[in-house]
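Asks:
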Amino acid sequence: KTQVEQSPQSLVVRQGENCVLQCNYSVTPDNHLRWFKQDTGKGLVSLTVLVHENDKTSNGRYSATLDKDAKHSTLHITATLLDDTATYICVVGDRGSALGRLHFGAGTQLIVIP
Amino acid sequence: EAAVTQSPRNKVTVTGGNVTLSCRQTNSHNYMYWYRQDTGHGLRLIHYSYGAGNLQIGDVPDGYKATRTTQEDFFLLLELASPSQTSLYFCASSVPTGASSYEQYFGPGTRLTVL
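Residue numbers (my numbering), protein chains in the order written: chain H, 367 to 480; chain G, 4 to 118.
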């Protein structure tokens with residue numbers, strides 16, 4: 367059973383627009399949640415990690431929130447650029463160490479058009 | 004920044020073929036992982052290792068063997084490749100703990116096609 371669900375599956379926006387990506391999960395315990403960016407055919411690059419209940423993080427044009435009660439996270443991208451075209455993957459870790467497992471969502475494919 | 008390299012980057016083989024995927028990390032990380040990524044699925048863990056000579060079974064191990072020869076090198080072996088193993092394979096490494104910053108560092112991936 368999929369424990370990390372991302373929505374939408376794909377999204378097309380125009381350059382300069384903002385967008386919001388969603389991640390819902392059922393992983394227990396939920397030690398931390400990380401968002402990755404994956405360019406087509408490339409590896410995963412970490413954007414941000416959220417650890418605490420109601421955490422909010424910001425990394426340039428990327429900002430993220432975590433609601434552990436609702437087991438829900440959002441990734442906001444402001445003023446999108448063509449280079450933001452990628453798959454964004456939500457990952458939930460059930461421990462804060464290598465003793466735990468990472469649970470991966472299938473990703474949201476974002477396409478930014480001129 | 005942790006460095007994880009994989010080779011080859013692309014591989015095509017035939018059903019029944021023998022394939023070895025290589026991964027090297029130069030950051031003295033203890034833990035190394037092999038994942039596969041398929042459309043519509045999140046990354047799935049095949050095998051992982053705590054250190055040289057150690058091997059642990061992941062969630063989708065069938066049809067795969069792995070070997071950790073040194074702290075730096077982790078290999079994934081497909082001895083009788085099947086079309087269902089066509090996928091994008093990622094290697095990752097990590098240190099055992101890092102509190103809130105615990106992170107796995109991913110290689111660039113190897114695309115394997117089994118005809």
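Just so it is clear, CB atoms sit at the ideal spot from N, CA and C, and this is done for glycine as well.
Pull up the DSSP beta-bridge partners for G/Lys68, would you.
Replies: Indexing the second sequence from 1 puts residue 68 of chain G at position 65. Answer is G/Leu80, bridged to G/Lys68.
Asks: When the Cβ atoms of the segment 51–59 of chain G are set against those of the segment 7–18 of chain G, are three or more pairs found closer than 8 Å?
Replies: Short answer: they don't touch.
Asks: Quick check: is the beta carbon of H/Lys437 nearer than 8 Å to any beta carbon in chain G?
Replies: Against the first sequence, residue 437 of chain H aligns to sequence position 71. So no, H/Lys437 is outside the interface.
Asks: Name the residue from H/His442, H/Ser373, H/Pro395 and H/Ile443 whose alpha carbon lies nearest to the alpha carbon of H/Lys434.
Replies: What you label residue 434 of chain H is simply residue 68 of the first sequence in a count that begins at 1. Closest option to H/Lys434, Cα to Cα, is H/Pro395.
Asks: For H/Val409, return the contacting residues in chain G, with the cut-off set at a CB-CB distance below 7 Å.
Replies: Taking the first residue of the first sequence as 1, we reach residue 409 of chain H at position 43. In the sequence as presented, Val is not what sits at residue 409 of chain H; that position holds Gly. Going along chain G in sequence order, the residues near H/Gly409 (Cβ under 7 Å) are Phe93, Phe109, Gly110, Pro111 and Gly112.
Asks: Going by CA-CA distance only, name the one from H/Tyr391, H/Val457, H/Val478 and H/Asn390 that's closest to H/Leu448.
Replies: The sequence position of residue 448 of chain H within the first sequence is 82, counting from 1. Measuring from the Cα of H/Leu448, the nearest candidate turns out to be H/Val478.
Asks: At a Cβ cut of 8 Å, what residues of the segment 373–386 of chain H count as close to chain G, listed as they run along the chain?
Replies: For the segment 373–386 of chain H, which is checked against every Cβ of chain G, not one residue is closer than 8 Å.
Asks: Among H/Thr474, H/Val458 and H/Gln475, which has the Cα closest to the Cα of G/Glu106?
Replies: As a working note, residue 106 of chain G is residue 103 in the second sequence. For the residues H/Thr474, H/Val458 and H/Gln475, the minimum Cα distance to G/Glu106 belongs to H/Val458.
Asks: Can you tell me the Cα-Cα spacing of H/Ile455 and G/Thr72, whole angstroms?
Replies: For the purposes of this step, residue 455 of chain H is taken as the residue at position 89 of the first sequence. For the purposes of this step, residue 72 of chain G is taken as the residue at position 69 of the second sequence. The alpha-carbon atoms of H/Ile455 and G/Thr72 are separated by roughly 31 Å.
Asks: Does DSSP classify G/Gln88 as helix, strand or coil?
Replies: Working through the second sequence from its first residue, we reach residue 88 of chain G at position 85. The answer is helix: DSSP assigns G/Gln88 an H, G or I state.
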